[in-house]
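Worksheet: the structure to be examined is printed underneath.
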Amino acid sequence: MASSSDSCLTNYSIEDIQNQFKLLNKQFNDLMMSPKSDRYKDGKVLTILKEMLKMIQGDDDILDVESIIDTPLLLTNLHKAFNDLEQFRVISPYDTVDLEDPESHFMCLYIIPAEGETSLRRYTEEGEGDGIDPTLTFGQIQKFIWPKVKASQEPDEDQDAAQKLIFYIGGKEQDFRFSIYQALLCHYWRNDNDFDVSELWHYSSKHLITYRRFTTNLGPKFVEDFSDLEKEVRIILQFLCRIHTLGIGFPGAFVNIWLDKKLNEQMEDHFGGRSPQCLPPWWIYLVVTYPFLFSYETRGTFFQLAAYFHSYPAYLGTMADNALDKVTTGIVSRNLILDHAKQLMDQHASEDIELRVRFEGEIGNGIGPTSEFYTLVSKEFQKCDLMWRKDVSFGLFPCPRLASSIEQVKTKFVLLGQIVGKAIQNGKLLDIHFSKAFYKLMLGKELSIYDIESFEPRLGRILLEFKESVGRKKLTESDLRYKDGSIKDLCLSFVLPGYEEFTSEYKDVTVDLTNLQDYISFVKDATVGSGIIVQMEAFKEGFNQVFKLGSYPTGIQTFSIFTVEEFEAILCGQGENSWNLEELTEHINISDGYTAESVPIVNLLEILQGFNREQRRGFLQFVTGTPRLPTGGLASLNPKLRVVKISHTEKELPSAATCNNQLMLPPYLSKDTMKEKLLYAITEGQESFSFA
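Position 651, counted from 1, in the sequence shown is what UniProt numbering calls 651; the numbers after and before it change by one each time, with no gaps.
Structure, rendered in structure tokens:
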């Protein structure tokens, strides 16, 4: 039902509103069945969708859309209308730009002070033009023109520290994070959607960019550049977003196949796929603002482009495979894993490198030891009691800390952010159970009182019961009961349950009905607000050292295009699933002395199929260096799991080469003997790379 605050609906019953919504939905569906030339006459679609959207925008009771209409049909027609009306172009300057010639894509720019700006000097001399790389952002442009345009008496120090100029094209203020190319695309696209992109590079084209001195901290916002979308397109996007937020329909129904295909074409373009600065900004806007319109694979490719300035095919495994060329190897001690992890991150977190790890006194090197490094670091972080709430049954969540006692914990969260970022950047998995609420925080989402129950069920339920009590119409203390008693009988004070050091200024005041809402707000804020804000800022600080700030989107923002479940899969891989014989047969390579029909191989597959959860984790740890599989399971393991024959006797134990995910298996003829030897090797061969 619509919000009680909506004056145009408050006088109607739920049944009246439902009937009106159904009628409007029918009118919309009927319109979408008419010829395309008739659908959008007189703004009928816009009027209908605005009225329907108004009915589901309330903050209180929500109209149960799925129970009264054919939701799949509504979504289909919304996509159909969007495809009819959208004008988001795929831009390909293929004939204009020769990537083999670095200067072929330079544009002729005329950069001068804006009218009335007298405190700055000219950059471009009268009658001239400057050949400049248009993929540079305005922030980068400022860096090299500032020394020339600033007043001569101004000091040179700290010239890169902050924004000093505001740039304009066609009189419109430009986002500091945009590239010249993106800004010019927007400028011409707004004036003529069918403009010839090659004209941007035409020898006679001289693009005027003006600048003023930056005098405010309130810079332009990226999303404001697209507030002038066609009304119908904007309302359709808002409608889809609202339905998606309400959890109506299944996620795949929101993917717009046409738009998804166009974005892939754009990212495959030899110029548009070079970096996010070469991508038309309307695509960035759509992916960041409406990520549900695109498939996971497409968002994965966009992530690669935004995070690494390279375009790689998205796949359902680790996200960064082979994205980085430079390799650096660090040496760590198993006994000082977190200390040495901090040293490595302090040195290499901000470097675009593949970081590999070798353990002191062990011969192993490469993929396997590196995977185990992240596994061991994961275990150590889970032991850091000062970081997490006491009950970890539903995943790790930061425990509230006072600012006076936060420094040690803050350092740990910076390191955690670095580790999470570097693991994703290098395509490694963490073996750590974060709560869903913590993942939401990682993705930059705000938590509400309803999220508390997901990691602290008892506290969450009590707060919701209190909230319900506050909302009751019986306002007198004598009429209000809580589990056959009064609120005052609970003997609560303004002290955070379980964390006595975290108190309100009213800590000595007893909680009753008159201040119950204040108590709820205090506990909520301490639990998911101010009590953890320093920790989360520290996490983001570490994370953004890996995924740097600068262009758009950046850092944590890049990952907001993923759902909590998707981000968890990127970071920690596939959930725990049993292995069936077909999967094992298809995705394990057999070679070097064995065939699929060899008795030891048949026995091995039967043993693996029968392993329980802990045995599967142990086997994976033994063979790959990590107890988890990437999303997609064995099929996504790279390199593939491989079994080879060693020796000709049953006396030896199995061994492993984690660098290439290889199991070296003696020819045991007895399945019982093989299982016994394999489990022994798995148990005793952990945490060492001298075992093989």
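Beta carbons: idealized from backbone N, C-alpha and C, even for Gly. Remember, predicted model here, so these are calculated numbers, not experimental data.
Exercise for review: If I'm right that Leu-386 touches Val-409 with Cβ under 8 Å, what's the distance once you round it to whole angstroms?
Suggested key: Contact between Leu-386 and Val-409 holds, with the beta-carbon distance rounding to 5 Å and staying under 8 Å.
Point to revise | alpha helix (DSSP H) segments (min. 4 residues) lying fully within the stretch 486-536 | key: Counting only runs of 4 or more, we get 516-528.
Review point. From Lys-677 to Pro-600, what distance separates their C-alpha atoms?
Key: Cα to Cα, the separation comes out at about 13 Å.
Review point. Looking only at its own chain, which residues have a Cβ that is under 6 Å from the Cβ of Val-495, when we skip the five neighbours before and after it?
Key: The beta carbon of Val-495 sits closer than 6 Å to the beta carbons of Thr-503 and Lys-507 from its chain, once the five residues preceding and following it are set aside; these are given in chain order.
Check your understanding: CB Val-90 to CB Leu-120, shorter than 8 Å?
Key -> No. Outside cutoff.
Exercise for review: In angstroms with no decimal places, state the Cα-to-Cα distance between residue 754 and Ala-569.
Suggested key: The requested residue 754 does not occur in the structure, where the chain is confined to residues 1 to 692.
Exercise for review: Would you verify that the beta carbon of Glu-652 is, or is not, closer than 8 Å to some beta carbon of chain C?
Suggested key: Going by chain labels, chain C is absent from the structure shown, which holds only one protein chain.
Practice item. Under 6 Å Cβ to Cβ from Tyr-499, same chain only, skipping five residues before and after it: list those, please. Key: Pro-400.
Review point. Is Gln-153 helix, strand or coil by DSSP?
Key: Three-state result, Gln-153: coil.
Practice item. Within the same chain, show all residues whose beta-carbon is closer than 6 Å to that of Ser-560, passing over the 5 residues directly before and after it, in chain order. Key: Within the same chain, and ignoring the five residues on either side of Ser-560 in sequence, the residues whose Cβ sits closer than 6 Å to its Cβ are Leu-443 and Gly-444.
Check your understanding: Does the distance from the C-beta atom of Asp-431 to that of Ser-493 stay below 8 Å?
Key -> The beta carbons of Asp-431 and Ser-493 sit no closer together than 8 Å.
Check your understanding: Taking the continuous alpha helix (DSSP H) assigned at Ile-462, which residues delimit it?
Key -> Element bounds for Ile-462: 457-471.
Review point. Between which two residues does the alpha helix (DSSP H) carrying Ser-67 extend?
Key: Start and end: 65-68.
Review point. Can you tell me the Cα-Cα spacing of Gln-18 and Ile-56, whole angstroms?
Key: In this model, Gln-18 and Ile-56 are separated by some 11 Å (Cα to Cα).
Practice item. Throw me the rounded Cβ distance for the Leu-24 and Met-52 pair, which I believe falls under 8 Å. Key: Approximately 5 Å separates the beta-carbon atoms of Leu-24 and Met-52; this is inside 8 Å, confirming the contact.
Check your understanding: Is it right to say Lys-422 is buried, meaning 16 or more other beta carbons lie within 10 angstroms of its own, or is it exposed?
Key -> By the neighbour-count criterion, in which a residue is buried when 16 or more other Cβ atoms sit within 10 angstroms of its Cβ, Lys-422 is buried.
Review point. Closest to Ser-435 by CA distance: which of Gly-531, Lys-143 and Leu-571 is it?
Key: Of the listed residues, the one whose Cα sits closest to Ser-435 is Leu-571.
Practice item. Identify whether Gln-57 lies in helix, strand or coil by the three-state DSSP scheme. Key: Gln-57 falls in the coil class under three-state DSSP.
Exercise for review: Using three-state DSSP, classify Tyr-123 as helix, strand or coil.
Suggested key: DSSP places Tyr-123 in coil when its eight states are reduced to three.
Practice item. Mind the definition here: the stretch 366-378 touches the stretch 623-632 only if three or more C-beta pairs lie below 8 Å; say whether that holds. Key: Between the stretch 366-378 and the stretch 623-632 there are three or more inter-stretch CB-CB distances shorter than 8 Å, so the stretches are counted as touching.
Point to revise | Anticipated Cβ contact below 8 Å, Phe-619 with Ile-520, distance rounded | key: Incorrect: roughly 48 Å between the Cβ atoms, too far for contact.
**Study point:** Classification of Met-33 by the beta-carbon crowding that lies within 10 angstroms, buried from 16 upward
**Key:** With fewer than 16 Cβ atoms within 10 Å of its Cβ, Met-33 is classed as exposed.
Check your understanding: If you draw a straight line from the alpha carbon of Leu-415 to that of Cys-384, how long is it in whole angstroms?
Key -> Each residue's Cα considered, the two are about 12 Å apart.
Review point. Under a Cβ-count criterion, where at least 16 other Cβ atoms within 10 Å of its own Cβ denotes burial, should Lys-450 be classed as buried or exposed?
Key: For the record, residue 450 in the displayed sequence is Tyr; it is not Lys. Classification for Tyr-450: exposed.
Review point. When the distance is taken between beta carbons, is Ala-349 closer than 8 Å to Gln-238?
Key: Pairing Gln-238 with Ala-349 gives a Cβ-Cβ distance that is not under 8 Å.
Review point. When the Cα of Val-602 is compared with those of Pro-654, Thr-47, Gly-252 and Thr-585, which residue comes out closest?
Key: Of Pro-654, Thr-47, Gly-252 and Thr-585, the residue nearest in Cα terms is Thr-585.
Practice item. Quick one: which unbroken beta strand (DSSP E) runs of 3-plus residues sit fully inside the stretch 176-246? Chain order, please. Key: With a minimum length of 3 residues, the continuous beta strand (DSSP E) runs that stay inside the stretch 176-246 are 207-213.
Practice item. With DSSP collapsed to three states, give me the class of Cys-108. Key: Strand at Cys-108.
Check your understanding: What did DSSP end up calling Gly-444 once you bin it into helix, strand or coil?
Key -> In the structure shown, Gly-444 sits in coil (DSSP, three-state: anything other than H, G, I, E or B).
Review point. Is it right to say Ala-692 is buried, meaning 16 or more other beta carbons lie within 10 angstroms of its own, or is it exposed?
Key: Low confidence applies to Ala-692: its pLDDT is 43, below 50, so where it sits in the model is not reliable enough to give any reading.
Exercise for review: Out of Ile-257, Lys-36 and Glu-297, point me to the one whose CA is closest to Leu-75's CA.
Suggested key: Taking only the C-alpha atoms, the option nearest Leu-75 is Ile-257.
Review point. Mind checking whether Trp-388 and Phe-397 have CB atoms under 8 Å apart?
Key: Closer than 8 Å, so yes.
**Study point:** Length of the line joining the Cα atoms of Gln-304 and Phe-547
**Key:** Pairing Gln-304 with Phe-547, the inter-Cα distance amounts to about 11 Å.
Practice item. Please confirm if the stretch 275-283 is in contact with the stretch 133-141, defined as three or more CB-CB distances below 8 Å between the two stretches. Key: At 8 Å Cβ cutoff, the stretches touch.
Check your understanding: Who are the Cβ neighbours of Lys-231 in its own chain at under 6 Å, not counting the five residues just before and after it?
Key -> Cβ within range, chain order: Leu-46.
Point to revise | Range of the contiguous alpha helix (DSSP H) that encloses Lys-80 | key: Here the alpha helix (DSSP H) through Lys-80 covers 71-85.
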